[in-house]
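Numbering-wise, the UniProt record's numbering puts 108 at position 108 of the sequence shown, and it's gapless, one number per residue.
Reading through the structure tokens given below for one structure.
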Amino acid sequence: MTNLSRARLIAILVPNLLLWGAIGSQYIGHLVPCEMCMWQRWPHVAAIVLALIAIALRTQPSASRAFTLLAALAILVSGGIGVYHAGVEYHWWTGPERCTGSHFTSLADLMKAPVVMCDVPQWKLAGISLAGFNAIFSILGGLATLFYASRKGIR
1 MTNLSRARLI AILVPNLLLW GAIGSQYIGH LVPCEMCMWQ RWPHVAAIVL
51 ALIAIALRTQ PSASRAFTLL AALAILVSGG IGVYHAGVEY HWWTGPERCT
101 GSHFTSLADL MKAPVVMCDV PQWKLAGISL AGFNAIFSIL GGLATLFYAS
151 RKGIR
């Protein structure tokens, strides 16, 4: 398997696993996603589309590499949003006013707020929220894709 083939494989698997894991936690695990959770999904959708284009262009290595690198960047964007969201959940910094509980000045503001707040994780494992896991796996997957896509050579 070539380095570019490895990169394409990672670029299609990582966002699919993370996106379908999020959808599964929503529909099977009954966890309702907050607004920032949804933000993390869109770059994964973009990465999947870009990786599919890269796979379709596998007979044209330069074009395939370019789309694989774009997919890696999209995966990293989701990881960056995951870092931001996890930081909001751990109260390291404040999040958007419309989805955190710290900025309500009236009952009317509270009534307009979404049901699921962005600064309250619904699920954790070993102290890591779903946003934290998305950050970890997206960043590692994006970096691995960049590593293999940028390496020249057959093996």
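Think of the CB as a built atom: it goes at the ideal place given N, C-alpha and C, for glycine as much as any other residue.
This structure is a prediction, so every number in the text was calculated from the model and none was measured.
The DSSP-derived three-state label of LEU140 is helix. As DSSP reads the structure, ILE128 sits in a beta bridge with LEU125. Cβ neighbours of LEU76 within its own chain (closer than 7 Å, five residues either side excluded): SER138, ILE139 and GLY142. The beta carbons of ALA54 and THR68 sit about 4 Å from each other, so the pair counts as a contact at 8 Å.
Around the beta carbon of VAL32, fewer than 16 other beta carbons sit within 10 angstroms, so the residue counts as exposed. DSSP, reduced to helix, strand and coil, places VAL14 within a helical segment of the structure shown.
Rounded to whole angstroms, the separation of the alpha carbons of SER25 and ALA7 is 27 Å.
Within the same chain, Cβ atoms closer than 6 Å to the Cβ of VAL88 are found at GLY95, CYS118 and ASP119, the five residues on either side in sequence being excluded. Per DSSP, GLN40 is one residue of the alpha helix (DSSP H) stretching across 35-56. ALA71 places its beta carbon less than 9 Å from that of ILE48. In terms of Cβ geometry, GLY82 and GLY29 do not form a close pair [threshold 9 Å].
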